[in-house]
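Protein chains in written order, with this note's numbering: chain A, 3 to 290; chain B, 521 to 679; chain C, -10 to 759. Have a look at the structure below, then the notes.
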């Protein structure tokens, strides 16, 4: 039986470069964890979920905590950028207000001052709150290993991230100026609990019909984060109540939720449908 | 593994050697002896261990002491003026009845400090957002919210 | 000039500055020279026999100073329990464990890390036994027995049967019947439970720990440790919340004592958040079946209640919860025939105890009843309540007289202030308003612990020190007592020093137990102040050459009453010094015994209930009413409370600032228990799954609505200045108000607390509401 306790013994390593990190990962294979903001790793260490002798701290590495706008095409967010910094970044607010807003709704002030975007993405939590909106925005993750770099779509990260790799950057294509976006989350205690389920959408209209659309879901099993069938069902259709109802039903039905301490899987599915519907309505009608 | 670190706590410099496993909370309470910062849950949920790290509120139980090397840390003990005179936020908490058992109080006051440093005249919703990581089981938060509003007025010279 | 009275003034708590500064020393902040740190080894089974404990590896770890186990170290024969027939708990068991996380051994070492490492080296062999996790299973034929000597897993039963209930129902025009439930709730107290024990060579056991009632704790530790009562001293320290959850005596304190005795050094036992939630106290789950008969005109003819209460592994102070719902229910609404049957059931779960919100299901059931019966009878439900509300001077079914009832007033004020009549049924889509009343005792019968004794000594500089055995877990009792002394003596509060809750220095007191602090302890303090004043006046009279009746005390000065402002005066300091010179220092003594004579909470089933004596069970009752306005999200089932109007009949309000704060706190607890908080257990292992603030959903600031507070303000003859309990009773009807408001918003009735979004949505779907 494991009770939550003070931290066990371990060595905190503090490399200065990404190369050093990669070499430490190799040296301590299976015995080390990457340590970003700390909120997730320390939790797992105190709960004895992790029993490892090394933590590789990423705080001393230069350059992982920068937000840069890449001309008019991309916004690059270093893996060690904190949620609070994204929420308050004037650049992010200007070019991608949806993402700034999502980060401002994540956790609490303290968590936003500690938790990093890289850690949130890498946590592989179904409830990781940056994921739905990153999926909707078509974001990609830059993964680096000793073999080199690669860029993968964010919704596939759970299949791709290898133990020898680290996420160094999240790359978000700037949404077109006419894109409509929405994000809704359900949390019992709105500013304290992590989202039970959530949904983010990005829609580009084609006349009075839906053109490009991407939907990202939270609180669902990782492979069902992006409801492709629902997206397809929306494309080319007018965004009336009947279509939105059908699409949100489809999105919820084709994704998988699990029960938790408070709620059943079935109830969460019902919630998910409501969140998808409300996110779409927020996008098209500006309904808050 | 031992680390030699420098912590600047409440404008006082401490050169200490810490083990990797020590959290910032443990070092503040057990090594430095500042017990005003409280442990309630030790897992990042309750906010009572909040200190300001370079001016921003963080949970000292979910942070390693070694990570705070070279940083400026403000704890509840660093707020009072000379001879333990109450800081305006502390004064407002006392006068508003915002303190019952008082165990969670230092954490709330630190978050209030971080808020009022940036926002001179917060509305109720902004105050609630600023204290959303804090658990109080006695007050019902009403008088805490009033206290932070009152502190803003005292600090702004209105009261 | 005569000072304005302090009664009714907003006075901030006197202990707040040190807490705001971070300077108050709570138990975990205390480090004694040579102190050792202990860790407890806990059962990984919900029910198991302890076969063998091997402590050799732990004992030989460098830095380890002592190991204790029940088999080796628990003195035999000392059981913990609140009343004689519920003494069922060995504080460090040696035969079997009855819930997941129960204490089996402990180790003391030079630091926490070493203690943790050593605790892991203790090997315990168990024989796992089948276990029960709910009352339904526990009551089944052939269910595993939590205690072998308690057949059917029944810890206790309690029956009251007045009038003829069966006949009354037959003669009723309308009979209403429903079953309500509430889940196990938690205190979720902020301060981690910490006990420091220091055993001195003289045989004295000193303790710094959290307790709501130091004197009961001292007695229980004496019984279980087999130490003389007078050799145990509980020191007074700031405490981080109680709310009923620190009323009992806990294994952690017992273990700290065993380890300190064994090592001769101070030992600290500090529990983690999970240990607190799993291994301290919860509030019992409850099934509340109620049947109510009415006449056509709305008069209640009979009430019949059957309550099943789950106490967890040991009876503890849940036994009090077996009769408290009666104490609440019987004095709210008038009835001729009354039957109340309660059953306390063991399960292999966290032990339950008292809690500030405890009996809320009872008041809720009647609030829902009034709405439904009102509709059936064609009577306005508010009028139905007013018609049946018990009033001052009336007598309860078990013969308690109500010395003051502001129930009707509180309903009227709440209805008026909230605009209830204008809003009911008219708030539009998904919005609703609801009303609910409640009450609470100020001091119920606790045998010879029903009284408090206080005394005051005057120092040679004219200041004084008050000694009271009562304590303060945040309610504001220190401020209350100081305020009373300052009021009676006409001196500044800062000139009144306080020594409280120290079992060595103070007389016995009920503690913050049974809501007695104001009415009982406060009265004793007031009497002590008056006694001291008389002695002051006597000495001053001698110095002024008049009799004491002719002396007036104003501020720190004494003068002859009819020569105001002209003649000779003497100072308080002079009077105190004169008294010392005479060898008779100024002293004040005050004792207060509550007006209770009910001497039979004996639930021994061998004694027929009819042979029990009835009488005054409670000194005074406080009442109150809450109105709630809320919104239901019919797609998610989530409820958002927008506003609460709370009307408190707590008699005279001695310090409104504090009472309002305590009222907010009660509503916070009630909102949490009503909408969010639920405990869950792993059915495979019996381990609690909701052991932190993430999984156990206590409200944060964002869940608390706007709250308006009002007072009825009518004094009660029992309490000091006419005051009664002021923090709990008014809010006990909140769940009824919420249930009624949900019905007003959606047409759906809910009977099971908490009203979680999933439950609400399910009810809406069943009614086809979107």
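For every residue, glycine included, the Cβ atom is placed at its ideal position computed from N, Cα and C. These numbers come from a predicted model, not from an experiment.
Query	Result
Separation of residue 77 of chain A from residue 70 of chain A, as counted between CA atoms	6 Å
6 Å Cβ shell around residue 79 of chain A - same chain, five flanking residues per side excluded	69, 119 and 172
Beta-carbon proximity check, residue 135 of chain A vs residue 170 of chain A, cutoff 7 Å	no
Reference residue 676 of chain C; option with closest CA among C/32, C/-7, C/275 and C/13	C/32
Enclosing beta strand (DSSP E) for residue 541 of chain C [first to last residue]	540 to 543
Close beta carbons around residue 2 of chain A, own chain, < 6 Å, minus the five adjacent residues each side	With chain A represented from 3 up to 290, any question about residue 2 of chain A goes unanswered, as that position is not in the structure.
Rounded C-alpha distance that separates residue 275 of chain A from residue 117 of chain A	29 Å
Residue closest to residue 349 of chain C, alpha-carbon to alpha-carbon, out of C/726, C/492 and C/749	C/726
Short CB-CB distance (under 7 Å) between residue 286 of chain A and chain C	no
Three-state secondary structure (DSSP) of residue 561 of chain B	coil
Test: residue 193 of chain A CB closer than 7 Å to a CB of chain B	yes
Chain B contact for residue 239 of chain A (CB, 7 Å cutoff)	no
Same chain only: Cβ atoms within 8 Å of residue 597 of chain C, ignoring 5 sequence neighbours per side	With a pLDDT of only 42 at residue 597 of chain C, under the threshold of 50, the placement of this residue in the model should not be trusted; the figure read from the coordinates follows. Closer than 8 Å at Cβ, skipping near neighbours: no residue.
Buried or exposed (CB count within 10 angstroms, at least 16 for buried), residue 547 of chain C	buried
Close-in-space but distant-in-sequence residues of the same chain around residue 241 of chain A (CB under 6 Å, 5 per side omitted)	212 and 286
Cβ pair residue 296 of chain C, residue 253 of chain C closer than 7 Å	no
Whole-Å CB distance - residue 614 of chain C paired with residue 710 of chain C, under 8 Å assumed	The Cβ separation is near 23 Å, so there is no contact.
Span of the beta strand (DSSP E) around residue 430 of chain C	420 to 433
Short CB-CB distance (under 7 Å) between residue 261 of chain C and chain A	yes
Residue 643 of chain B burial status per 10 Å Cβ neighbour count (16 or more: buried)	exposed
Under 7 Å between C-beta atoms of residue 580 of chain B and residue 527 of chain B	no
Closest Cα partner of residue 663 of chain B within the set C/739, C/723, C/696 and C/757	C/696
Identity of the residue in B/532, B/530, B/533 and B/562 nearest residue 542 of chain B by Cα	B/562
Straight-line Cα distance separating residue 608 of chain B from residue 655 of chain B	22 Å
Min CB distance residue 692 of chain C to chain A below 7 Å	yes
CB contact flag (residue 310 of chain C, residue 270 of chain C, <7 Å)	no
Contact set for residue 541 of chain C: own chain, Cβ-Cβ below 6 Å, skip 5 residues either direction	548 and 550
Proximity test, Cβ basis, 7 Å: residue 172 of chain C and chain A	no
Alpha-carbon to alpha-carbon, residue 722 of chain C and residue 181 of chain A	50 Å
Proximity winner among C/740, C/707, C/708 and C/688, relative to residue 651 of chain B (alpha-carbon distances)	C/688
Pairwise C-alpha distance: residue 167 of chain C and residue 748 of chain C	18 Å
Pair within 7 Å by beta-carbon distance, residue 425 of chain C and residue 356 of chain C	yes
Contact under 7 Å by Cβ, residue 555 of chain B with residue 631 of chain B	no
Any non-hydrogen atom of the ligand NAD within 6 Å of residue 628 of chain B CB	The model on display carries no ligand, and the ligand NAD is accordingly not part of it.
Any alpha helix (DSSP H) of 4 or more consecutive residues that is wholly inside the region 621 to 681 of chain C	645 to 660
Per DSSP, cross-strand counterpart(s) of residue 195 of chain C	C/187 and C/222
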